[in-house]
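Asks: Just so we're aligned, residue 3 is where the sequence shown starts under my numbering, counting upward by one. I'd like to ask some things about the structure below.
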Amino acid sequence: MLAYIVRRLLYLVFILFAVSVLTFLMVHLVPGDPARVMAGIDASQEDIELMRKKLGLDLPLHVQYLRYIGAVLRGDLGESIRTGRPLAESLLARFPATAELAVISLLIALLIAIPAGVISATKANTVWDYLTMTTAVLGVSMPSFWRGLMLMLLFSLTLRWLPASGRGEPFLSWEWLRHIILPSLTLGLGAAAMLSRLTRSSLLEVLNQNYVTTARSKGLSERRVVMRHALRNALIPVVTMAGMQFGWLLGGTVVIESVFAWPGIGRLLVHSIFARDFPVIRGGVLLMAASFSLINLAVDLLYGLLDPRIRYE
């Protein structure tokens, strides 16, 4: 187990290195000059060149990257070109909002997906099964921003039940709950669609195994067979996919935070892209990649605890 964790951590280092290189190259290849943005509209060419020198943009690309990665290894992510604030401070201040949105979205997804998948599997090839799976396919196919706009139109503008934007304060208050419902429901419905299909297929496979047939032959009710014997094993792949979905939900917040004006890292990244704030883009993507990789490692370890047949070598 220890050797496996060490290998995965080394792999994590390689992934983060690759992400840092790709992000660094991409932000330097996109059109736009951050020095011109910082210098202002009326700045002369001389002022722009001075700003480029101040930001280190006049150096060769490989030198800029070596300076950047050296600072990262020292724990210094740099400063925002737009605000001048330390980047680590800005990202850490916004990360809780993004994390809570992803966590609540995943909880909503699981609360919807597991019951829907179980009922669909136990009533396979019935009207309920067809209706559930058709809805799931539509949920997977529908873009998240469109789903968010439709929910906003219904619950905020038409019914006026929920606020359309912002984050309520303080944390876990009634206002916080009212503000997080729509963005988390938008993300959660998409994840629920995929997880419900996986729950159904996994449970159908388990229900056809010999030990389930033996449990039925002992006279146990179908409900007890499913809940006590089949569901635990059927949920093992669902747990793995849920962990991956959590990583995807962190990335999906980039769009949804912009739609609902949620003050997280995703919205910060969108603003930074338009402002050509390269340090924020690099730091935000690197933080997301690190979070996703650590979540996948945790899910792999949890998979081994749930299924004793798994051995890490």
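Each residue gets a CB set at the ideal place from its N, CA and C atoms; glycine is no exception.
Which of the three DSSP states is assigned to E48 in this structure?
Replies: Within the sequence shown, numbered from 1, the residue matching residue 48 stands at position 46. Looking at E48 - three-state DSSP - the assignment turns out to be helix.
Asks: According to the neighbour-count rule (16 or more other Cβ atoms, all chains shown, within 10 Å of its Cβ), is G254 buried or exposed?
Replies: Translated into the one-based positions of the sequence shown, residue 254 becomes position 252. Buried.
Asks: Enumerate, from N- to C-terminal direction, the unbroken alpha helix (DSSP H) stretches of 4 or more residues contained entirely within the region 190-235.
Replies: Correct list: 212-219.
Asks: Mind checking who E81 pairs with in its DSSP beta bridge?
Replies: On the sequence shown, residue 81 is found 79 positions in, with the first residue counted as 1. The partner list for E81 (beta bridge, DSSP) reads P88.
Asks: Would you tell me roughly how many angstroms separate the C-alpha atoms of A201 and T188, rounded to the nearest one?
Replies: Counting from one through the sequence shown, the residue named residue 201 turns up at place 199. Counting from one through the sequence shown, the residue named residue 188 turns up at place 186. The amino acid at residue 201 is misidentified as Ala; the sequence shows Thr. Cα to Cα, the separation comes out at about 20 Å.
Asks: Can you give the Cα-Cα distance for V241 and L108, rounded to whole angstroms?
Replies: Indexing the sequence shown from 1 puts residue 241 at position 239. Indexing the sequence shown from 1 puts residue 108 at position 106. Each residue's alpha carbon lies about 11 Å from the other.
Asks: Starting from I43 and walking both ways along the alpha helix (DSSP H), at which residues does that stretch end?
Replies: As a first step, residue 43 must be located in the sequence shown, where it is residue number 41. Premise fails: I43 is in no alpha helix (DSSP H) and is neither H nor E.
Asks: Suppose you measure from the CA of A236 to the CA of S122; what does that come to, to the nearest Å?
Replies: The residue labelled residue 236 in the question sits at position 234 within the sequence shown. The residue labelled residue 122 in the question sits at position 120 within the sequence shown. The straight-line gap from Cα to Cα measures roughly 14 Å.
Asks: Shortest alpha-carbon distance to G141 belongs to which of T128, A193, F16, I183?
Replies: Here residue 141 refers to the residue found at position 139 of the sequence shown. The candidate whose alpha carbon is nearest that of G141 is A193.
Asks: How many Å lie between H231 and V261 at the Cα?
Replies: Taking the sequence shown and counting its residues from 1, the one referred to as residue 231 is at position 229. Taking the sequence shown and counting its residues from 1, the one referred to as residue 261 is at position 259. C-alpha separation (whole angstroms): 43 Å.
Asks: Just how far apart, CA to CA, sit G221 and P117?
Replies: In the sequence shown, the residue the question calls residue 221 occupies position 219. In the sequence shown, the residue the question calls residue 117 occupies position 115. One C-alpha to the other measures close to 24 Å.
Asks: What is the residue span of the alpha helix (DSSP H) that T136 lies within?
Replies: Here residue 136 refers to the residue found at position 134 when the sequence shown is read from its first residue. Taken as a continuous stretch (DSSP letters only), the alpha helix (DSSP H) holding T136 covers 129-143.
Asks: With distance defined between alpha-carbon atoms, name the residue in Y13, R84, Q211 nearest to R38.
Replies: For the purposes of this step, residue 38 is taken as the residue at position 36 of the sequence shown. The residue with the shortest Cα to Cα distance from R38 is R84.
Asks: Rounded to the nearest angstrom, what separates L303 and S22 at their Cα positions?
Replies: Within the sequence shown, residue 303 is the residue found at index 301, counting from 1. Within the sequence shown, residue 22 is the residue found at index 20, counting from 1. If I take the Cα positions, the gap works out to 26 Å.
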